[in-house]
Amino acid sequence: MDARVSDLFGSGNGHGPGPSAVAPNARPANGYGVAPKKAKSHKKSKARYSRNYKPSKNTPYLPPEAEEGNIEYKLKLVNPTQYRFEHLATQMKWRLQEGRGEAVYQIGVEDNGMLVGLSEEDMRTSLKTLHRLAEKVGADIAVLREQDVDYDSDEPHKIAEVLIRKVPDDQQFLDLRVAVLGNVDSGKSTLLGVLTQGELDNGRGRSRLNLFRHLHEIQTGRTSSISFEILGFNSKGEVVNYSESRTAEEICESASKMITFIDLAGHHKYLKTTIFGLTSYCPDFAMLVVGANTGIAGTTREHLGLAMALKVPIFIVVSKVDLCTRATVERTVRQLERVLKQPGCNKVPMVIGNKDDAVTAAQQFAQSPNITPIFTLSSVSGESLDLLKVFFNIIPPLSNSKEQEELMQQLTEFQVDEIYTVPEVGTVVGGTLYSGICREGDHLTVGPTDSGQFHELTVGSIQRNRSACRVLRAGQAATLALGDFDRSLLRKGMVMVSPEMDPTICWMFEAEIVLLFHAKTFHKGFQVTVHIGNVRQTATVEAVHGKEELRTGEKAVVLFKFIKHPEYLKVGAKVLFRQGVTKGIGHITKLQPIAQYRISHSEDEEA
C-alpha cells in the first residue's frame, strides 16, 4: 500500500497532475487492440483461413483464450454433430460454473484471440446453435454487441459478444454488493431510488423517500444510517425492480443476478457509520457519486481514499448533469481524472460515452483493478442511466467458483452487524456469512462476551433480501432469527461460529500500520477507534516498536489494546483506525489470545 494515499486523506490540495498510469493488462477503450508491427506472423491461422481473408499487419486481436474463467472464444458454431453438441454443452456448463452462473462467448474469434469474423449467414446459424446449447444447460442468451471486422474481403465479417446467464433455481442467484459513497448532497440516495423504483426523480428528492429509515433523514434529506436496496436482472439481462409493484420476494424469484446497494452516509458527522459499512459488509465494488455542480468537495476525497485503502474496486458516477452546462460537467470529469492519475491512486480513468464503452468497462473493471469507469448521468432527465444499468448487468463477480467452494468447505463463521427485536419472531441478527454453510436449525455459538465467553444458540429461520431462504452460503448477507435468545447478550462485532471451531479471542494485537494523516505525533498512550471487519472499538496504543513516535506517512509495528471487551480477530485482517483528523491503515501481524476460552453452558454443568 503506497503511503502516498495519504494525499487523499490529508489537508493538502492534491490536485497536481500525476503521470498517466497504464494498467498492466488493460486493453484500449474500444475493447479490441491492434497488433504491434513486430508481432509474430500468424502462419497457422493464415494457412487455415486463407480462402476467407488476408491477415494484415494490423490484424485486430483479443488476449488469447484462458483455460479458466468464464470467457469462451468460438470461431463458429455451424451445424455441429450430436457428439460435438454434447461436448459444447459440457464446455458451456464449465464456463457458467467458473463465472458463478454467467459466461461471455466471443463468436467469430480464434482461440489465440484473433478476430476472424463471420459472414451474416454463419453468424445467424452460430447464434441459433448457441441458443440451443443455452436451453440445454438451463440458461438464456443476450447479444451484448456486434462489431464489423474489416479484412479487405468482398463480404463483410462480424464478431459478436454474447452473455450467457443461468436461469435461477432454488434462489441461487448471483449476488454482488455495491457500496455507495460520495459527499453529502451528491445525489446517492436519489440515484438508488431511481434505479430500484424505476421512476425518475422530480428534482426535489421524491425518489429517495423510500430509502430513508428515520424521520430525521426524511426531514433533512440526509442519510445517517446504512440502508440496503436491490436491483435484479433476469436471465435475459432485463431489469427486474419495484416498478411493477413487485415485492422483494418476487424480485428475488425472477432475478438471475442481484445487485445489492449499500447506501452509506455522505456527511462527515456520520463517517464512523460509513467506515463500518465499508469494513463489515464486504462490498465487491464501490460506487463513488460526485455532483457535477460541486465537483470533488467535502468527503469525496476521503471516501475515495477509504475504498482504496480497503482495496475495494471503485467506479465513479457524476450525477446532476441536468443542472450544469456541458463545460461544467467536463471540468468535473477532468478534475476527477487528475486525482485518479495521481501517484497515490495510479488509476486509469475511462469515461463511458456509449453502450460499447459500458460493456468493455464492465469486463475490464473486474480483470484490472486500475481501470476506473466514469459515468455522467442525471436522475431527473434519465440521461445515460441505461449505460449504468448495462454496466451492472454485465459486471462479473470478483471471486471465481473455486474460491467460493473453498470458503464453503470451511467451518461456519457469521459476522453480526445488526441486531433487531421483531414482534412474534424474537431476536434477529443481520450480517454476512464469512465462511461455511448455514442452515435452518443449525447449532452455533455466539461471542465473545465481555469476559471472553461464547453462548450456544439455534438458528431459526433465514431471510435473504427480505425473502425466506433455507441455506446460506459463504459470502452471502442475510438475517437470522434466533427465537427467544436474550438480546442483551449480543452486540455488533460478535461472531457466530461452529461449536467445533476454536476462535482466537484477544484483548491485545500487533499490527503493521501506515499513518496516513496526523496533526502532531502518534505515540504510546494514544487512543484511536479501530475498525477490523465488523469490529469497531476504541483501543489504546500500548507500544510503537522500534520508534518513540510516528509522523504522517511513516510505517511501524504497533501494539494495540482494546479498552472495553475482547474481540475475535484473525492474522492478516485489514485494520483501519481514526481519531479526529488522525487516520491510518494496516494489517494484523500477531495476536495475543486469551488463554481461558469457555462456552458458557460448560460452567452451568459444573455448577
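Just so you know, we're using full-length UniProt numbering here: the sequence shown kicks off at 1 and counts up by one. Even for Gly, the Cβ is constructed at its ideal location relative to N, Cα and C.
E65 is the residue among K257, E65, N70 whose C-alpha sits nearest the C-alpha of N112. Distance from the CA atom of T294 to the CA atom of F517, rounded to whole angstroms, is 25 Å. With respect to the 8 Å criterion, I394 and L215 are not classified as neighbours on the basis of their beta carbons. Comparing alpha-carbon positions, the option among H523, D122, D175 lying closest to P283 turns out to be D175.
Following the DSSP letters along the chain, one finds Y83 inside the alpha helix (DSSP H) bounded by residues 82-98.
For Q404, the enclosing alpha helix (DSSP H) stretches over residues 401-408.
Rounded to whole angstroms, the gap between the alpha carbons of T552 and A511 is 17 Å. Nearest C-alpha to K320 among D356, T274, L385, A519: L385. The DSSP-derived three-state label of I296 is coil. In this structure, the CA atom of S280 is about 19 Å from the CA atom of T504.
In the DSSP annotation of this structure, the continuous segment of the beta strand (DSSP E) that includes H455 starts and ends at 455-458. Secondary structure at D148: strand, using DSSP grouped into helix, strand and coil. For the pair L310 and L278, the Cα-to-Cα distance works out to about 8 Å.
D357 sits buried, since 16 or more C-beta atoms from the chains shown fall within 10 Å of its C-beta. Contact between the stretch 97-112 and the stretch 387-402 is present, with at least three C-beta pairs closer than 8 Å.
A residue is called buried when at least 16 other Cβ atoms come within 10 angstroms of its Cβ; P63 does not meet this threshold and is exposed. Three or more beta-carbon pairs separated by less than 8 Å link the stretch 566-578 to the stretch 528-537, which places the two stretches in contact. I563 counts as exposed, since fewer than 16 other beta carbons sit within 10 angstroms of its beta carbon. Burial check for V581: the Cβ neighbour count within 10 Å stays below 16, so the residue is exposed. Pairing F365 with Q453, the inter-Cα distance amounts to about 43 Å.
The beta-carbon separation of V318 and F375, rounded to 7 Å, stays under the 8 Å limit for a contact. Per the coordinates, the alpha-carbon of E120 lies some 10 Å from the alpha-carbon of D148. The distance from the Cβ of L472 to that of L444 is about 12 Å, inconsistent with a contact at the 8 Å cut-off.
Just so you know, the alpha carbons of E500 and S467 end up roughly 30 Å apart.
Judged by DSSP secondary structure, R334 falls within the alpha helix (DSSP H) whose first and last residues are 326-340.
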